[in-house]
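Everything on this sheet refers to the single structure shown next.
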Ligand code: UTP
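Residue numbers (this note's numbering): 2 to 292.
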């Protein structure tokens, strides 16, 4: 079985749910406490043993490249000022030369199309796919949990969580088959089904391990829901040829693509920090009392 060495991060979307914040700033660079959203997702990938990061970017996304670049003047200034703690933090998150690649999706035709744009860089290996607007909070990262399952099953692995059954129209939903290890075999997949048509209430939460055959299917994939080329439609075709397993993710997920999830993420990650928790607890108690 081939190790999962590469991860794809599609960051070419327009972020319309977060306007006006995302008019000039990529949503992936909005900060949760003191780190951009994209940094959380990259750290999750690295914890899972990913060696090479592949970003599918678009216009107005150069801030993401700058974030992962060496900032010589900044590092010199921090050294001169003796700010070694923060300097070490910045250097630790710095990918080594050659460990990060960027390609552009010139027109945002949908998530499936964005993934297809990474085909040459993935170059025939199974790979991880992480949607950067979903950030996770758990003792063991979601992708690491998935790699542990993948090492037992091979094939394709999707992380899933349960949603309110009335909300299936917002997600990619999977059908539940035989239980296996930390999840179950996937019997079917449907993009944004109405509750009455949904095969379950397990939704795909934005983390995937996929075999490279997905690329040839994406190449011929027609537009689906919302007029976009959908990864779920191509996965459904791949499912006719290869097994798909669901890993039931143990942890919390925040959809930072929309303001509510972003605010929740800020609160949850701030409450994890010892230096912020007492102040924030007092503040929130006050807000709740006044409200
Ligand atoms: P979303 O639909 O959540 O992101 O796509 P969006 O299009 O940026 O946001 P809204 O809906 O307009 O607010 C999920 C992920 O897929 C990427 C997005 O950047 C996001 O990380 N994506 C989506 C692309 O890279 N290209 C696309 O054409 C569409």
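Yeah, the Cβ is synthetic: ideal placement off N, Cα and C, and Gly gets one too.
Does the beta carbon of residue 22 fall short of 7 Å from some heavy atom of the ligand UTP? No, the beta carbon of residue 22 sits no closer than 7 Å to any heavy atom of the ligand UTP.
Which runs of the beta strand (DSSP E), 3 residues or longer, sit entirely within the segment 6-73? Listed in chain order, they are 7-11, 53-58.
On the DSSP letters alone, give me the boundaries of the alpha helix (DSSP H) that residue 217 sits inside. Residues 215-220.
Got a sec, what are the start and stop residues for the beta strand (DSSP E) residue 103 sits in? Looking at the DSSP string, the run of the beta strand (DSSP E) that includes residue 103 is 101-105.
Roughly how many angstroms separate the alpha carbons of residue 235 and residue 282, rounded to a whole number? In this structure, the alpha-carbon of residue 235 lies about 45 Å from that of residue 282.
Residue range of the unbroken beta strand (DSSP E) whose run includes residue 202: Here residue 202 belongs to no beta strand (DSSP E), and DSSP marks it neither H nor E.
Taking the C-alpha atoms as reference points, what is the distance between residue 182 and residue 150? Rounded to the nearest whole angstrom, the C-alpha separation of residue 182 and residue 150 is 7 Å.
If we call anything under 8 Å between Cβ atoms a contact, is residue 127 one with residue 186? Their beta carbons are not under 8 Å apart, which means residue 127 does not touch residue 186 by this criterion.
Quick test of your reading: residue 148 and residue 5, contact by CB under 8 Å. State the CB separation rounded to the nearest angstrom. With a Cβ gap of about 6 Å, residue 148 and residue 5 count as contacting.
Using the C-alpha atoms, what's the distance from residue 84 back to residue 161? Approximately 41 Å between the Cα atoms of the pair.
Which listed residue (90, 214, 168) has its alpha carbon closest to that of residue 203: The residue with the shortest Cα to Cα distance from residue 203 is 168.
Per the DSSP calculation, residue 190 is bridged to which residue(s)? Beta-bridge partners of residue 190 (DSSP): 175.
Between the Cα of residue 258 and those of 7, 11, 233, spot the shortest distance and give me the residue it belongs to. Looking from the CA of residue 258, the closest CA among 7, 11, 233 belongs to 11.
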